[in-house]
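Enquirer:
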Amino acid sequence: MIRARLAELQLAVMLLTRVPAGRMAQAPTVAAAAWAFPLAGLLPGLAGAALLASGLPGPLAAGFAVAAMVALTGALHEDGLADVADGFWGGRERARRLEIMRDSRIGSYGTLALILAIGLRWQAAMLAGPLALLVAAVASRVAPVVLMAVLAPARTDGMGHAARAVGAGRLAGAALIGLGPLLWLRGGLCALAAAAAGVAALALIARRKIGGQTGDVLGAGQQLAEIALLIALAQAG
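Residues 1 to 237 in my numbering are what the sequence shown lists, from first letter to last.
Rendered as structure tokens:
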């Protein structure tokens, strides 16, 4: 049992970060590892929080913190956000939207989405502080698990398809790990409500635009959740 959970945690770190996590002879399913997604968020969260608390001037510290978090995840979630923005609003039909999302090139919608996302995280991180940044990094990784649980895969391949069939137990585990610390922070409930609203809106739009979720939708959900959490916690602080 313990060995299985450790393998699932290892897979979550391998999927969601660029931190070396060894090799796996036989990997568990993505759905099985979903409970550990918030734990994988500890790694970029700790790096960001350390830089934010480094003593550098606020704007510089926040900029380096966000940059470190992007580097440690390989811009995985940012890439998903850009692809979703391009695909959802750059194509008129479902097939075309999915085609655009798979294209490695970035368009106007994706560029604007990234500029806004990085800018909002930069400013909100500076105002919210190191602890809030760490907690938001962990809690926001619950969003992809929720999206996997409530939306059907929009493709027959890829991350979204591999992540199908997340059970109630895995979802509850991710929520307990990811959201527990958030509720101890001042303004945590309001932050949770803001993030939930953003993820719910994304789920509704994704269902209407492409009929479900893909890996890009999961990444966009993490980004929306983190931004909403940081803004709400900055306001509460």
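Heads up, the beta-carbon is just placed ideally off N, CA and C, and yes, glycines get one too.
Cα separation between L171 and D103?
Expert: For the purposes of this step, residue 171 is identified with residue 171 of the sequence shown, where counting begins at 1. For the purposes of this step, residue 103 is identified with residue 103 of the sequence shown, where counting begins at 1. When rounded, the distance between both Cα atoms is 31 Å.
Enquirer: Nearest to I118 by CA position, among V66, L127, G167, is which residue?
Expert: Position 118 of the sequence shown, counted from the start, is the residue given in the question as residue 118. Nearest C-alpha to I118: V66.
Enquirer: Ordered along the chain, which non-local residues of its own chain (more than five positions away) have a Cβ less than 7 Å from that of R18?
Expert: Stepping through the sequence shown from its first residue, residue 18 is reached at position 18. Closer than 7 Å at Cβ, skipping near neighbours: L72, T73, G74.
Enquirer: Assign L76 to buried or exposed, taking buried as 16 or more other Cβ atoms, counted over all protein chains shown, within 10 Å of its Cβ.
Expert: Counted from its first residue, the sequence shown places residue 76 at position 76. With 16 or more Cβ atoms within 10 Å of its Cβ, L76 is classed as buried.
Enquirer: Does the Cβ of M24 have 16 or more other Cβ atoms within 10 Å, making it buried, or fewer, making it exposed?
Expert: Taking the first residue of the sequence shown as 1, we reach residue 24 at position 24. By the 10 Å Cβ count, M24 comes out exposed.
Enquirer: In three-state terms, what does DSSP make of Q243?
Expert: Not covered by the structure: residue 243. The range shown for the chain is 1 to 237.
Enquirer: Given this structure, state the Cα-to-Cα distance separating A197 from L151, to the nearest angstrom.
Expert: Locating residue 197 in the sequence shown gives position 197, counting from the first residue. Locating residue 151 in the sequence shown gives position 151, counting from the first residue. So the two alpha carbons sit approximately 16 Å from each other.
Enquirer: Count the C-beta pairs between the segment 125-140 and the segment 48-65 that are closer than 8 Å, then say yes if the count reaches three, no if not.
Expert: Taking 8 Å as the limit for Cβ pairs, the verdict is that the segment 48-65 does touch the segment 125-140.
Enquirer: Rounded to whole angstroms, what's the CA-CA distance from A113 to A36? Just pull it up for me.
Expert: Looking up residue 113 in the sequence shown gives position 113. Looking up residue 36 in the sequence shown gives position 36. Separation of A113 and A36 (C-alpha to C-alpha, rounded to the nearest whole angstrom) is 27 Å.
Enquirer: Do you know how far the Cα of A47 is from the Cα of A61?
Expert: Taking the first residue of the sequence shown as position 1, residue 61 is located at position 61. Taking the first residue of the sequence shown as position 1, residue 47 is located at position 47. Distance between the alpha carbons of A61 and A47 is about 11 Å.
Enquirer: Look at the alpha carbon of G167 and the alpha carbon of A34, and state the distance between them as a whole number of angstroms.
Expert: Indexing the sequence shown from 1 puts residue 167 at position 167. Indexing the sequence shown from 1 puts residue 34 at position 34. Rounded to the nearest angstrom, the two C-alpha atoms are 9 Å apart.
Enquirer: To which residues does DSSP link Q213 through a beta bridge?
Expert: Taking the sequence shown and counting its residues from 1, the one referred to as residue 213 is at position 213. Answer by DSSP bridge pairing, in chain order: P153.
Enquirer: Contact check, A27 vs L16 under 8 Å by CB: the rounded distance?
Expert: Counted from its first residue, the sequence shown places residue 27 at position 27. Counted from its first residue, the sequence shown places residue 16 at position 16. A27 to L16, Cβ: 14 Å. No contact.
Enquirer: L116: which of G22, A136, L81, R97 sits nearest, CA to CA?
Expert: Within the sequence shown, the letter at position 116 stands for residue 116. Of G22, A136, L81, R97, the residue nearest in Cα terms is L81.
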